[in-house]
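Here is the structure we will look at, set down as structure tokens.
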Amino acid sequence: MDLAKYAELFLTESREHLSVLNDQLLALEREPTAAEPVGAIFRAVHTVKGMSATMGYRAVTELAHELESVLDRVRREQQTITPALMDALFTAADALEAAIEASVQGRGDDVDVATPVERLKAFAAASRGAGAPAAGTPARATPARGAAATAPAAPAPPAVARGSGAGRGVLVRVRLVAGTTLRGARAFLVVKKAETLGTVVAVVPPLEALQAEAFDRDFALRLDTTLPADEVIGALRSVGDVETVSVESPRTGGAAVAGGRGAGGTGAPAGAGAATGGGARAPARAPRHVRIDLRRLDTLMNLVGELVITRGRLQQLVASTGDGALEEVVSQASRLIGELQDEIMLSRMVPVGHVFDRFPRLVRDAAKALGKEITFEVRGSDIELDRSMLDEIGDPIVHLLRNAIDHGIEPPDARVAAGKPPSGTLTLSVARERSTVTLRVADDGRGIDRVRVLQKAKEQGLVDAGKTELTDDEISRVIARPGFSTAERVTDLSGRGVGIDVVMNRVRAMGGAVEIRSRQGQGTAVTVRLPLTLAIVRALLARVHDEVYAVPLAHVTETVELAPRAVKQVQGREVMVLRDDVLPLIRFRELVRLNAPPSGPGQVIVLEVGDRRAALVVDELTGQQEIVVKQFDPVRDGLALFSGATILPDGAPALIVDVGSLI
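Residue numbers (our numbering): 5 to 667.
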């Protein structure tokens, strides 16, 4: 069969198993005597090996086989978990990921897996007793009950007896879940699993037909085994995508039946009709999830964005006609477009945990390289963000984590000398705040050295020479300057002046804001606030002279008319007294360098980003509207006031104000 069309699906599923592999390796490193991580790692590697063998990816299969062999020895308590073995397992996991990516791209022969394979073989050889097979020979041990044995590097058909041998053993009927992808590969894995339980003496349809997917989702096999039916059922269900399994005794004709994932709950033996060519088929539950190419979702989002723009234009035109029937139709169309927009936006929402899964491994490797002990905590990974946001936020989070590991958390001896536990705590948390999502990277390290930052800022001419102290906001602006670094030497993690400035630029490009809070000797917290989506946001429209600007409502708390008596001067700056608050006053005309005097007193938009507030003065408020965000590259040496642009109902463009850059 043509396997090329399954390459992308293989890659997607393999990445999921690699994520499990890395997570469980970390859990095993924390608790070397735990059995659950070993089992989870073994299952992930075993599945990848089976799929790669079916796809013909030799390098992946070879490396997965050796990983599986070592893990099997660990499960049987023939191999002890040591720091050296953990390093070898982590290295093999990295090599497995590289081999998978290269194989899918058709470069499998370019991947050298010999080094990690030989390293794993060396551990296996060292743990064997006298008279054990040589290091290059895969171990062959009698499988424990319910355990999967190691398999050859390439798929081989199970022994299928013909004629008189076909009556031995028990009849096992298997039904796969409706809509199972790579049915042939999944059926092959079931047969290979059955081989670990005894001798497979017959398969119907033949194994070649299963691998060619010349079957629906039902097949049967005859298994000569001494294991009880419930153990056979449990082992075969563990392969995954198995709806039901039944074991029929040749003596009594009775059947033990168990449903797997997505079982229909009918209790009928799986494959009762399909495997023998007759009988009624038990009803199956339809699959509830499908995989969709992200490009299709992006196209849908772009189209619904254009619909939103057209809807605004249509509503503006119909308002001047006075036609009641037409207004009713447009109103209904607007409601349907709004519902379509909501559904498409929801379909793009993905838990942030999909991106965060790779960070524990990153923290572990960085801490080990620097000789530090770090406890990493992730909170709120089930909070959802637009997929486009997740693609953009990964790199900024990596920069923040590396900064915290290198600059923030001290080595164990320095922490103990400061009265702290030797292991530092690094936390990555996510929370929903109104229509924004807040990501916070916090550590309990040494904090930002304000004296050193001030000294370096003076040397580079970033602050006045007479400055004696920096506030948190001033520190944020200084360390966000491109090329600014207080590191005394360049390492693999930092010291090149690249980090916070990358975070600031990327987050502002997404319409978000960054806030830094630090206390000497107690730690640093960097907070990133982002909109839920980059595509469509609700905004307040404000006019300044002849131009209309859009201010995202996520940062607007209220609007008031500007009263001259409320404007005061504090330390040479204009402020506005609003009830019990004193807010910095920002005149938009001055920001855009407009010299023409305003025609009236103006309106005030009260903005809020985190715990910072400000009053933005505009000429007039023209309404609220859902706007479609169009990203653009800023003009060189231009004002860093805008995060994007949109199209208004009358067809005119409007710039979107970057609130984070104002306050």
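The C-beta atom is built at its ideal place from N, Cα and C for all residues, glycine as well.
Euclidean distance between Cα positions of residue i and residue j
{"i": "Leu-366", "j": "Ala-373", "result": "11 Å"}
{"i": "Val-455", "j": "Met-55", "result": "57 Å"}
{"i": "Val-204", "j": "Asp-234", "result": "17 Å"}
{"i": "Leu-15", "j": "Leu-405", "result": "27 Å"}
{"i": "Phe-488", "j": "Lys-471", "result": "18 Å"}
{"i": "Ala-567", "j": "Leu-659", "result": "27 Å"}
{"i": "Arg-62", "j": "Val-632", "result": "47 Å"}
{"i": "Leu-304", "j": "Met-514", "result": "20 Å"}
{"i": "Gly-283", "j": "Leu-240", "result": "With a pLDDT of 36 at Gly-283, under the threshold of 50, the modelled position of this residue cannot be trusted; read the value that follows with caution. Going by the C-alpha atoms only, they are around 24 Å apart."}
{"i": "Thr-379", "j": "Ala-421", "result": "19 Å"}
{"i": "Leu-32", "j": "Leu-350", "result": "36 Å"}
{"i": "Pro-137", "j": "Val-507", "result": "The pLDDT assigned to Pro-137 is 38, lower than 50, so where the model puts this residue is not dependable; a value taken from the coordinates is nonetheless given after this. Spanning the two alpha carbons is a distance of roughly 54 Å."}
{"i": "Ala-97", "j": "Arg-299", "result": "29 Å"}
{"i": "Gly-328", "j": "Val-622", "result": "36 Å"}
{"i": "Val-243", "j": "Leu-193", "result": "7 Å"}
{"i": "Arg-111", "j": "Asp-27", "result": "27 Å"}
{"i": "Glu-247", "j": "Leu-180", "result": "5 Å"}
{"i": "Glu-212", "j": "Gly-183", "result": "21 Å"}
{"i": "Arg-77", "j": "Gln-83", "result": "5 Å"}
{"i": "Arg-47", "j": "Asp-453", "result": "47 Å"}
{"i": "Asp-302", "j": "Asp-346", "result": "14 Å"}
{"i": "Ala-126", "j": "His-21", "result": "25 Å"}
{"i": "Val-174", "j": "Val-195", "result": "14 Å"}
{"i": "Asp-113", "j": "Ala-102", "result": "12 Å"}
{"i": "Thr-154", "j": "Glu-72", "result": "Interpretation of Thr-154 is limited by its pLDDT of 36, a score under 50 that renders its predicted location unreliable; no figure is taken from the coordinates."}
{"i": "Ser-324", "j": "Pro-556", "result": "28 Å"}
{"i": "His-358", "j": "Asp-468", "result": "45 Å"}
{"i": "Asp-220", "j": "Val-178", "result": "11 Å"}
{"i": "Met-580", "j": "Thr-561", "result": "15 Å"}
{"i": "Ile-520", "j": "Asp-505", "result": "12 Å"}
{"i": "Leu-344", "j": "Ile-413", "result": "47 Å"}
For residue i, the nearest candidate out of the options (CA to CA)
{"i": "Leu-727", "options": "Ala-206, Ser-56, Ser-107 and Leu-443", "result": "With the chain covering 5 to 667 only, the question about residue 727 has no answer from this structure."}
{"i": "Pro-588", "options": "Asp-114, Val-354 and Gln-573", "result": "Gln-573"}
{"i": "Ile-341", "options": "Phe-192, Thr-86, Glu-630 and Val-308", "result": "Val-308"}
{"i": "Val-382", "options": "Ala-446, Met-349, Ala-337 and Ala-371", "result": "Ala-446"}
{"i": "Gly-316", "options": "Glu-35, Ala-656, Leu-666 and Ile-104", "result": "Ala-656"}
{"i": "Val-1", "options": "Lys-460, Ile-104 and Gln-575", "result": "The structure shown does not extend to residue 1, since the chain spans only 5 to 667, so no value can be given for it."}
{"i": "Glu-217", "options": "Leu-186, Pro-232 and Thr-229", "result": "Leu-186"}
{"i": "Gln-607", "options": "Val-354, Arg-593 and Leu-93", "result": "Arg-593"}
{"i": "Glu-199", "options": "Ile-296, Ile-401 and Leu-227", "result": "Leu-227"}
{"i": "Asp-417", "options": "Thr-431, Ala-570, Ser-335 and Pro-426", "result": "Pro-426"}
{"i": "Leu-13", "options": "Arg-34, Ala-189 and Glu-72", "result": "Ala-189"}
{"i": "Glu-377", "options": "Gly-238, Leu-611, Arg-419 and Ala-130", "result": "Arg-419"}
{"i": "Gly-670", "options": "Glu-122, Gln-215 and Asp-91", "result": "The question about residue 670 has no answer here: the residues shown for the chain are numbered 5 through 667."}
CB of residue i within 8 Å of CB of residue j, strictly
{"i": "Asp-361", "j": "Ser-23", "result": "yes"}
{"i": "Val-434", "j": "Ser-385", "result": "yes"}
{"i": "Arg-542", "j": "Ala-517", "result": "no"}
{"i": "Thr-86", "j": "Pro-120", "result": "no"}
{"i": "Ala-128", "j": "Val-74", "result": "yes"}
{"i": "Thr-563", "j": "Ile-609", "result": "yes"}
{"i": "Arg-450", "j": "Gly-525", "result": "yes"}
{"i": "Leu-582", "j": "Ala-619", "result": "yes"}
{"i": "Val-663", "j": "Val-613", "result": "yes"}
{"i": "Glu-565", "j": "Pro-605", "result": "yes"}
{"i": "Val-42", "j": "Ala-68", "result": "no"}
{"i": "Arg-236", "j": "Phe-223", "result": "Correcting the residue identity first, residue 236 is Val in this sequence and not Arg. No, they are not a contact pair."}
{"i": "Val-590", "j": "Leu-474", "result": "In the sequence on display, residue 590 carries Ile and not Val. The answer is no: Cβ separation not under 8 Å."}
{"i": "Leu-25", "j": "Glu-70", "result": "no"}
{"i": "Pro-400", "j": "Arg-510", "result": "yes"}
{"i": "Arg-512", "j": "Ser-647", "result": "yes"}
{"i": "Gly-387", "j": "Arg-436", "result": "Looking at the sequence shown, residue 387 is not Gly but Ile. Yes. Within cutoff."}
{"i": "Val-356", "j": "Leu-321", "result": "no"}
{"i": "Leu-93", "j": "Val-64", "result": "no"}
{"i": "Phe-363", "j": "Leu-432", "result": "yes"}
{"i": "Ala-371", "j": "Ile-397", "result": "no"}
Bridge partner(s) assigned by DSSP for residue i
{"i": "Gly-648", "result": "Ile-660"}
{"i": "Gln-607", "result": "Glu-565 and Val-622"}
{"i": "Arg-226", "result": "Leu-175 and Ala-206"}
{"i": "Ser-433", "result": "Arg-383 and Arg-444"}
{"i": "Asp-585", "result": "Leu-582"}
{"i": "Ile-401", "result": "According to DSSP, Ile-401 bridges with nothing at all."}
{"i": "Glu-388", "result": "Pro-355"}
{"i": "Thr-531", "result": "Arg-444 and Glu-519"}
Within 8 Å, do at least three Cβ pairs link the region 619-629 to the region 547-555? yes
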